[in-house]
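Here is the structure we will look at.
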Amino acid sequence: EAQVTQNPRYLITVTGKKLTVTCSQNMNHEYMSWYRQDPGLGLRQIYYSMNVEVTDKGDVPEGYKVSRKEKRNFPLILESPSPNQTSLYFCASSFELAGGRPQFFGPGTRLTVL
Amino acid sequence: AQKVTQAQTEISVVEKEDVTLDCVYETRDTTYYLFWYKQPPSGELVFLIRRNSFDEQNEISGRYSWNFQKSTSSFNFTITASQVVDSAVYFCALSEAHAGKSTFGDGTTLTVKP
Chain F
1 EAQVTQNPRY
11 LITVTGKKLT
21 VTCSQNMNHE
31 YMSWYRQDPG
41 LGLRQIYYSM
51 NVEVTDKGDV
61 PEGYKVSRKE
71 KRNFPLILES
81 PSPNQTSLYF
91 CASSFELAGG
101 RPQFFGPGTR
111 LTVL
Chain Y
1001 AQKVTQAQTE
1011 ISVVEKEDVT
1021 LDCVYETRDT
1031 TYYLFWYKQP
1041 PSGELVFLIR
1051 RNSFDEQNEI
1061 SGRYSWNFQK
1071 STSSFNFTIT
1081 ASQVVDSAVY
1091 FCALSEAHAG
1101 KSTFGDGTTL
1111 TVKP
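So the sequence lines, in the order shown, correspond to chains F and Y. Residue 26 in this note's numbering sits at position 26 of the first sequence, and the numbers go up by one each step. Each number in this note's numbering comes from the position in the second sequence (counting from 1) with 1000 added on.
Written out as structure tokens, the structure is:
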């Protein structure tokens, strides 16, 4: 089944404790991206990757890191999480967003930082 | 910079009513793509439709129709004879050709009452 998977789905952590949210897609998509969803603010793009080893900042990259060493994986790293990073996070992939292909989203990761 | 505005935060209708969700966008690019996504109460994000900037044909798919007007920078979504299952948050999104940034509106929460 074609899908985007994220792990964990739920995470409660404390301020300053490094964490990684994994994202994997099995559709051989070139493009991957991370978003956060907060009430009333829609989805805001954190980072995106148009291909392996190519990453770029979205609109809200502060406090996050990403890497794209393999085509299928695009982990999101919070080196020192803070309470304002409490949010619902979505990973997405697309065959080619720049060519107008739609994004397919993972199920979301709900993160709480205490 | 690109921007997407969904001015309607919440809409409530009674089943079988028609409803239109508004989307207005801003971009400096001449080639771009517009999307609508649906987020039902279960939380996943589902792609509905894509429109290219150079194709202003309106589209109808069952009870759904989309009206793209470049002159007013709008890409509105109409649901005819709404049903309770249409209750969801709907997002309009914009991406530019040859680029990886993706901008979403804040979403419109549609509630269809029986």
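Don't be surprised by glycine CBs; every beta carbon is placed ideally from N, CA and C. These numbers were taken from a predicted model, which means no experiment stands behind them.
Check	Outcome
Element boundaries [beta strand (DSSP E), containing F/V113]	109 to 113
Under 7 Å from the C-beta of Y/R1050: neighbouring residues of chain F	G100, P102
Presumed contact (8 Å Cβ cut-off) between F/G106 and F/T5, rounded CB distance	6 Å
Buried/exposed call for Y/T1030, threshold 16 Cβ in 10 Å	exposed
Alpha-carbon spacing of F/D59 relative to F/I46, whole angstroms	6 Å
Beta-carbon proximity check, Y/V1014 vs Y/K1113, cutoff 8 Å	yes
Residue nearest to F/V21 in terms of C-alpha spacing, selected from F/Y31, F/R36, F/A98	F/R36
Selection from F/E96, F/L114, F/P75 that minimises the alpha carbon distance to F/S24	F/P75
Sufficient close CB pairs (3 or more, under 8 Å) joining the stretch 1009 to 1025 of chain Y to the stretch 64 to 84 of chain F	no
Given Y/T1078 as reference, the closest of Y/Y1064, Y/Y1090, Y/A1088 once Cα atoms are compared	Y/Y1064
Cβ pair Y/S1087, F/L97 closer than 8 Å	no
Among Y/G1062, Y/I1011, Y/Y1090, nearest to Y/A1081 - alpha-carbon criterion	Y/G1062
C-alpha distance - F/S49 paired with F/Y31, whole-angstrom precision	6 Å
Chain F contact residues for Y/F1091, given Cβ-Cβ distances below 7 Å	G42, L43
CB contact check: Y/K1113 to chain F, cutoff 8 Å	no
Rounded distance between the beta-carbons of F/L41 and F/P81, thought under 8 Å	Their Cβ separation, rounded to whole angstroms, is 19 Å, which puts F/P81 and F/L41 out of contact at 8 Å.
Assigned exposure category for F/Y10 - 16 Cβ within 10 Å defines buried	exposed
Cutoff 8 Å: Y/A1088 Cβ touching any chain F Cβ	no
Identity of the residue in F/F104, F/V54, F/E79, F/L43 nearest F/E62 by Cα	F/E79
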